[in-house]
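Chemist: Here the sequence shown is numbered in our numbering, starting from 74 and rising by one per residue. From the three backbone atoms N, C-alpha and C, an ideal C-beta is built for every residue, glycine too. Keep in mind the model is a prediction, meaning the values are calculated, not measured. To start, I am sharing the structure in question, which I have written as structure tokens.
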Amino acid sequence: MGLKPEVSIMTGLTVGALVWTIYNRALPADVDMRVAAPNDSDIESSRKKAAYTAAASVAAISLIAKDATVFILGGSMVVAVDWWARHANAVNPELGKAFIPGFNGVTPNTNPALEDPAAGPADPGYADNGAGGF
């Protein structure tokens, strides 16, 4: 006894928007997480709080609606946004990519591109290119 297909899809998309809003309110902007220290414990605890809140909201609305489409769309959004937040929190600003200690094999202190001046400047100088920059 689920919802009509057109109502089910719209409800699922609305639940997806609710999940996005929960993460948006609980976490700093993506760019702020990427430039912060990798694996910040405050961001991680806020991410967990957002994940639990979003998952509980998706489950509750799906049970009330008695519709699997709402659960699939909302749950997919929780997985996607949570992965996005985890990745942003794992980015090391010195390397410019996700850094997992003990897994990558390259640390900020042993990255040859950061030590070799012939490898290029650490700051490519986009803001100081004579054309005004950003």
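1. Check each candidate in Asp105, Asn97, Gly147, Val152 and name the one with the smallest Cα separation from Ala161.
2. Kindly confirm or deny that the stretch 113-128 and the stretch 92-102 touch, where touching means at least three C-beta pairs closer than 8 Å.
3. Going by Cα to Cα distance, which pick from Ala127, Glu79, Ala110, Pro166 is closest to Gly148?
4. Taking the runs of the alpha helix (DSSP H) that are 4 residues or longer, which of them lie wholly in the stretch 74-153?
5. Just checking Lys122 against the ligand HEM - is the residue's beta carbon closer than 7 Å to any of the ligand's heavy atoms?
6. Checking the sheet assignment: what are the DSSP bridge partners for Ala171?
7. Rounding to the nearest angstrom, what Cα-Cα distance links Ala132 and Pro166 in this structure?
8. In or out: Ile95 buried (at least 16 other Cβ within 10 Å) or exposed?
9. With a 10 Å radius around its C-beta and 16 neighbouring C-beta atoms as the bar for buried, classify Gly89 as buried or exposed.
Modeler: Checking against the coordinates, here is how it stands:
1. For the purposes of this step, residue 161 is identified with residue 88 of the sequence shown, where counting begins at 1. Comparing Cα positions, the closest option is Asp105.
2. yes
3. Position 75 of the sequence shown, counted from the start, is the residue given in the question as residue 148. The candidate whose alpha carbon is nearest that of Gly148 is Ala127.
4. 78-99, 103-108, 114-138
5. Looking at this structure, you won't find the ligand HEM or any other ligand, since it has none at all.
6. Here residue 171 refers to the residue found at position 98 when the sequence shown is read from its first residue. Bridge partners of Ala171: Val164.
7. Sequence index remark: in the sequence shown, residue 132 carries index 59 (1-based). Sequence index remark: in the sequence shown, residue 166 carries index 93 (1-based). Answer to the nearest angstrom: the Cα atoms are 36 Å apart.
8. Counted from its first residue, the sequence shown places residue 95 at position 22. Per the 10 Å Cβ criterion, buried.
9. By one-based count along the sequence shown, residue 89 stands at place 16. Its Cβ being crowded by 16 or more others within 10 Å, Gly89 is buried.
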